[in-house]
Amino acid sequence: MCGIVGLFLKDKALEPKLGAMLSEMLVSLSDRGPDSAGIAIYGAATGNEAKITVQSPKADRDFRGLDVELAKAIGAPVSVAVNSTHAVIRTTPDKVDAAREALQTLRPDIRIMGAGEAVEIYKEVGLPETVIDRFHVRSMTGTHGIGHTRMATESAVTTMGAHPFSTGADQCLVHNGSLSNHNNVRRELIRDGMKFETENDTEVAAAYLSNRMAHGKNLGEALEGTLSDLDGFFTFVVGTKNGFGVVRDPIACKPAVMAETDQYVAFGSEYRALTKLPGIDNARVWEPEPATVYFWEH
Amino acid sequence: MPATPMSKAERDQGHARVFDLSQHSLRELNEALHKLTPGSNETAWEVLNPKGSHSVAVGVDQPVSIDVRGSVGYYCAGMNDGAAITVHGSAGPGVGENMMSGSIVIKGDASQYAGATGRGGLLVIEGNASSRCGISMKGIDIVVHGNIGHMSAFMAQSGNLVVLGDAGDALGDSIYEARLFVRGKVESLGADCIAKEMRPEHIELLQGLLDKAGVTGVKASEFKRYGSARKLYNFNIDNADAY
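Top to bottom, those sequences are chains A and B.
With my numbering as the guide, the letters of the first sequence map in order to residues 924 to 1221.
With my numbering as the guide, the letters of the second sequence map in order to residues 240 to 482.
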């Protein structure tokens, strides 16, 4: 099953409530997936700061002193904001690649959840409520975000098997469904230099998008490519620096509902996820068409 | 027995029994509906705050009227056998699945597989229905004021599907004896589904269905009829291309 949500704010007045609204939406879909949950939340990009969200199974050990050591290694200012098992590392945009590389040596157990100017990604094993409490998601602010609650079908219930999956700078993916040709696609992507952390099918979809974009496609074209190159069931929601996109496979048996008002565009696996949004009773509510790529951007 | 939100005196005055799902559980609602017996005085029900709940008013087998004020989730009014159920909002997947008799009216849109496997009764969707509307229908009548999505009436066995708008891809794939009437354009027909002549008896049948569904200002003659070419009933090597 799995449940996915997305919320894109048009009304700046709602930005302080983004975390609370997104949390409410995700918790309402808890019975679609009790295994693990995650969110990607986007704040306004300033242009002079990059963020790397990292996770460690031994957060106490790995995050202690990391700011000083990493700053020394990359020769740029670094700050580390610890949030439970995750931490957001801030540095200058030109040092992101150097920081990623240095982290592999300094803290080999650390895993990178995502990076960019706007995005922060938090995911863990457990119910949405537990995961949201752990990371204090309700108090987070931002312009847009996506979330996922997982019922695992394809691979192990682990932190790294949870969604969202990063697909590139300020980009990530959540998925409801299952892919049947992911092993083949993974082999092809590995041959093309892509690296994988899990046996998970969605990670393959994320890597597919990253790979297509590395070959010069834009995100819309890469999403169009999923319709012919990925076999199986999927409703994808992708987060981007400026907004989010939605695409469903041509069979479209994985549910999806969208709502739009002057204040927001919202996505939910079910209408239940949208019922507490302001003005929902007068919102335009519709089901996205199969095999059609949708985008909302600031 | 759940708490009764309305007093007996109020009910006796002919008011509907109001069931607020923000105050009572879905299970309480469905249990109360299942306890109805023939001749019950509780013939009118109103359900408030469904907020996308699943399985609202499933398995009702008495001729009562139920007005649901808001949108519902999966499987609303499934297995309905005799009730007149109106959803004043939209419905999630599987509305009216396997209806036996009675009527269901959706004032908004319906998600995928509306009326699936239905054996009787009338399902009216005043908005659009998405994919797989009337899949494997077995005698139900479905009237959709708007459009329907792809793979609708897949393996439809009997009954009538009436669409005032357009139909998506692969309409009536592997259809048996159901009749499909579409007023707008059909994206594509599925295997073994073909356009058929509208004879006087079909006009009469369709007009009756439009009247029953409360459709006005639309003539039966504006529709095209689709049905089975009957080549896939039994395997015949000469028809292998039709699969």
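From the three backbone atoms N, C-alpha and C, an ideal C-beta is built for every residue, glycine too.
A quick note: this is a predicted structure, and the numbers were derived from the prediction, not measured.
{"Asked": "Assumed close pair Gly354(B), Met376(B) - CB separation to whole angstroms, cut-off 8 Å", "Found": "6 Å"}
{"Asked": "Alpha-carbon spacing of Ala349(B) relative to Glu1210(A), whole angstroms", "Found": "9 Å"}
{"Asked": "Rounded Cβ spacing between Thr1125(A) and Phe1088(A) (contact assumed at less than 8 Å)", "Found": "6 Å"}
{"Asked": "Length of the line joining the Cα atoms of Arg1013(A) and Asn1006(A)", "Found": "14 Å"}
{"Asked": "For Ile1055(A) and Val1042(A), the rounded distance between their alpha carbons", "Found": "17 Å"}
{"Asked": "Near-chain A residues of the region 305-328 of chain B - C-beta to any C-beta below 7 Å", "Found": "Ser310 and Gly312"}
{"Asked": "Cα-Cα separation, Phe1157(A) to Asn1099(A)", "Found": "6 Å"}
{"Asked": "Within-8 Å CB hit, Thr1198(A) to chain B", "Found": "yes"}
{"Asked": "Where Val1080(A) sits in the DSSP three-state scheme", "Found": "coil"}
{"Asked": "Residues sharing a beta bridge with Ala963(A), DSSP", "Found": "Ile1044(A) and Ile1069(A)"}
{"Asked": "Chain A within 8 Å of His263(B), Cβ atoms only", "Found": "no"}
{"Asked": "Within chain A, partners of Ser350(B) - CB distance below 8 Å", "Found": "Pro1178, Val1180 and Glu1210"}
{"Asked": "Collapsed DSSP secondary structure at Met338(B) in the structure displayed", "Found": "coil"}
{"Asked": "Cutoff 8 Å; reference Glu281(B); Cβ partners in own chain excluding five residues on either side", "Found": "Arg250, Arg256, Leu275 and Val303"}
{"Asked": "Alpha carbon of Ile1044(A) to alpha carbon of Ala1189(A), nearest angstrom", "Found": "19 Å"}
{"Asked": "Contact test: Thr1125(A) Cβ vs the ligand ADP heavy atom, cutoff 7 Å", "Found": "The model depicted lacks the ligand ADP and carries no ligand whatsoever."}
{"Asked": "Minimum Cβ-Cβ distance from Pro1201(A) to chain B less than 8 Å", "Found": "no"}
{"Asked": "Members of the region 1026-1054 of chain A that neighbour chain B once the beta carbon cut-off is set at 7 Å", "Found": "none"}
{"Asked": "Cα-Cα separation between Val457(B) and Glu443(B), rounded to whole angstroms", "Found": "14 Å"}
{"Asked": "Which of helix, strand or coil DSSP assigns to Thr356(B)", "Found": "coil"}
{"Asked": "Arg1073(A) versus Asp958(A), Asp934(A) and Arg1195(A), residue with shortest Cα-Cα distance", "Found": "Asp958(A)"}
{"Asked": "Ala1175(A): contacting residues in chain B (beta-carbon distance under 7 Å)", "Found": "Ser370"}
{"Asked": "Local conformation of Glu972(A) per DSSP, three classes", "Found": "coil"}
{"Asked": "Neighbouring residues, chain A, relative to Lys290(B) (Cβ below 7 Å)", "Found": "Arg1195 and Thr1198"}
{"Asked": "CB contact below 8 Å: Gly331(B) versus chain A", "Found": "yes"}
{"Asked": "Residue range of the unbroken alpha helix (DSSP H) whose run includes Ser467(B)", "Found": "Counting along the chain, Ser467(B) falls outside any alpha helix (DSSP H), though it belongs to the beta strand (DSSP E) covering Lys463 to Ser467."}
{"Asked": "Residues within the region 362-388 of chain B neighbouring chain A, beta-carbon criterion of under 7 Å", "Found": "Ser369 and Ser370"}
{"Asked": "Assigned secondary structure, Asn319(B) (DSSP; H/G/I helix, E/B strand, else coil)", "Found": "coil"}
{"Asked": "contact_flag[the region 1110-1128 of chain A, the region 990-1008 of chain A] where n(CB pairs < 8 Å) is 3 or more", "Found": "no"}
{"Asked": "Residue from Gly1091(A), Asn1106(A) and Gly1068(A) whose Cα sits closest to the Cα of Phe965(A)", "Found": "Checking the sequence shown, residue 965(A) turns out to be Tyr, not Phe. Nearest of Gly1091(A), Asn1106(A) and Gly1068(A) to Tyr965(A), Cα basis: Gly1068(A)."}
{"Asked": "is_contact[Glu249(B), chain A] using C-beta, thresh 8 Å", "Found": "Residue placement at Glu249(B) is flagged as unreliable, the pLDDT there being 47, under the threshold of 50; the coordinate-derived value follows with that caveat. It does not: the Cβ of Glu249(B) has no partner Cβ on chain A nearer than 8 Å."}
{"Asked": "Residues that Pro957(A) contacts on chain B, provided the C-beta gap is smaller than 8 Å", "Found": "Going along chain B, no residue has its Cβ under 8 Å from Pro957(A), so there is no contact; the nearest lies around 16 Å."}
{"Asked": "Residue closest to Asp1166(A), alpha-carbon to alpha-carbon, out of Thr1066(A), Val1080(A) and Arg987(A)", "Found": "Sequence check: residue 1166(A) is Gly here, not Asp. Cα-wise, what sits closest to Gly1166(A) is Thr1066(A)."}
{"Asked": "Span of the alpha helix (DSSP H), counted from its first residue to its last, around Asp958(A)", "Found": "Unbroken run through Asp958(A): none, as it is neither H nor E."}
{"Asked": "Under 8 Å between C-beta atoms of Val1127(A) and Leu1146(A)", "Found": "no"}
{"Asked": "Three or more C-beta pairs below 8 Å linking the region 309-317 of chain B and the region 329-339 of chain B", "Found": "yes"}
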